[in-house]
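Everything on this sheet refers to the single structure shown next.
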Amino acid sequence: MRIRPAAAAAFLTTVLAASAVPAVADAADRAAPSDATFSKVVVNGGKDIVLGLTTKKTVTITWTVTDPDGVAASWAYLWHGPNTDDADGRLPLVPPAGTCTVSPTDRTTYTCKLSFGIDAAQEFDRNTFAGTWKVLGEAQDPNDDWTAVDVAGTAQIKRYARITVNASPEPVKAGRTVTVTGKLSRANWETGTYTGYEGRSVKLQFRKKGSSTYTTLKTITSGGSGALKTTTKATQDGYYRFVFAGSTTTGPATATGDFVDVR
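Numbering (the working numbering), first residue to last: 765 to 1027.
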């Protein structure tokens, strides 16, 4: 994140004061007992947020907040770091109030929604941002009492992965060896390039001509600079591909099948 915590805090305070929007509760307020509770916190529809080098994406957070006194307003945002006071990233930087709707059967319960944009090229400059982000939820009741829950939910932000495949020779005689090569790489937010992803498990799969189903032949490990190489026996016409299931920091990737004619 290009805007660091100290600068972000000053910017946030200035913007909120100028717009007369209540500022995010400080640590003392968040430590005080409160009656509001948060539940059903969902980020990006429950799916990982996978970002390449220039990905622009709209992310939605939905949540439910309940307060015996009712809810005047509620906020939510993503943060990354050891704790909220030392967070090294926040999305969005200036959290707008969510759009909240009161339950038709329970005046103390509200469902809220907030959408914001992410621009990877502008906001992600550290590979360490990949992994778990936490959701901070805040609410204000009609009496101006605040509630803040530092970890109301979580979300996974991951680096986009690419994988290639090439099977040769083409054509090949039945029973001969087919050599399958490729490369596994992922977005490097620090260098602005895609770099090899080493030491990861990758499946070699095959789909015979006329079929729509791939079968896993073997699992290999990506080598230096993400290089992939293995061999298999040619038995029939079909397509070979590599598949990477993803990791805690990197999204999945599937290569487009490479056809080999067996004669």
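Ideal Cβ placement from N, Cα and C applies to all residues, glycine included. This one's a predicted model, so the numbers in the text were calculated from it and none came from an experiment.
Please classify residue i: does DSSP put it in a helix, a strand, or coil?
i       : result
Thr830  : strand
Ala931  : strand
Arg1027 : coil
Glu887  : helix
Gly1010 : coil
Gly881  : strand
Ser989  : helix
Gly810  : helix
Thr995  : strand
Thr892  : helix
Val858  : coil
Tyr978  : coil
Ala1017 : strand
Thr983  : strand
Arg1005 : strand
Asp1022 : strand
Lys937  : coil
Arg926  : strand
Note the first and the last residue of the continuous beta strand (DSSP E) segment covering residue i.
i      : result
Val969 : As written in the sequence, residue 969 is Gln, which differs from the Val given in the question. Counting along the chain, the beta strand (DSSP E) containing Gln969 begins and ends at Ser965 to Lys972.
Val962 : Checking the displayed sequence, the identity of residue 962 turns out to be Glu instead of Val. Run containing Glu962: none; DSSP gives neither H nor E here.
Gln920 : Trp910 to Arg923
Val807 : Thr801 to Val807
Gln904 : Gly895 to Gln904
Lys947 : Thr941 to Asn952
Gly853 : Gly853 to Leu855
Leu842 : Ala837 to His844
Thr865 : Thr863 to Val866
Does the Cβ of residue i have 16 or more other Cβ atoms within 10 Å, making it buried, or fewer, making it exposed?
i      : result
Asp833 : exposed
Glu887 : buried
Arg964 : buried
Ala916 : buried
Arg940 : exposed
Lys973 : exposed
Ser975 : exposed
Ser879 : exposed
Val944 : buried
Arg854 : buried
Excluding the five sequence neighbours on either side, which residues of its own chain have a C-beta within less than 7 Å of the C-beta of residue i, listed in chain order?
i      : result
Ala885 : Leu817 and Thr818
Skipping 5 residues on each side, what residues in its chain have a beta carbon closer than 6 Å to that of residue i?
i      : result
Lys811 : none
Val866 : Tyr874
Strictly under 7 Å for the Cβ-Cβ distance: is residue i near chain C by that measure?
i      : result
Asp905 : Included in the structure is just one protein chain, with no chain C present.
CB-CB under 8 Å to residue i, same chain, minus the five flanking residues each way: which ones, in chain order?
i      : result
Gly988 : Gly960 and Glu962
Thr983 : Ser965, Val966, Lys967 and Leu968
Lys937 : Ala998, Val1026 and Arg1027
(request) Could you tell me whether the region 946-963 touches the region 889-899, where touching means 3 or more Cβ pairs closer than 8 Å? (result) yes
(request) Assess, as a yes-or-no matter, whether the region 959-968 is touched by the region 1005-1012 under the definition of 3 or more beta carbon pairs within less than 8 Å. (result) yes
(message) Is it the case that the region 826-840 contacts the region 797-817, given that we only count it when at least three CB pairs across the two stretches are under 8 Å?
(response) yes
(request) Could you tell me whether the region 902-915 touches the region 987-1000, using the rule of 3 or more Cβ pairs below 8 Å? (result) No: the two stretches stay apart, fewer than three of their Cβ pairs being nearer than 8 Å.
(request) Would you check if the region 908-928 and the region 1009-1019 touch, i.e. whether three or more CB-CB distances between them fall below 8 Å? (result) Touching, per the Cβ criterion.
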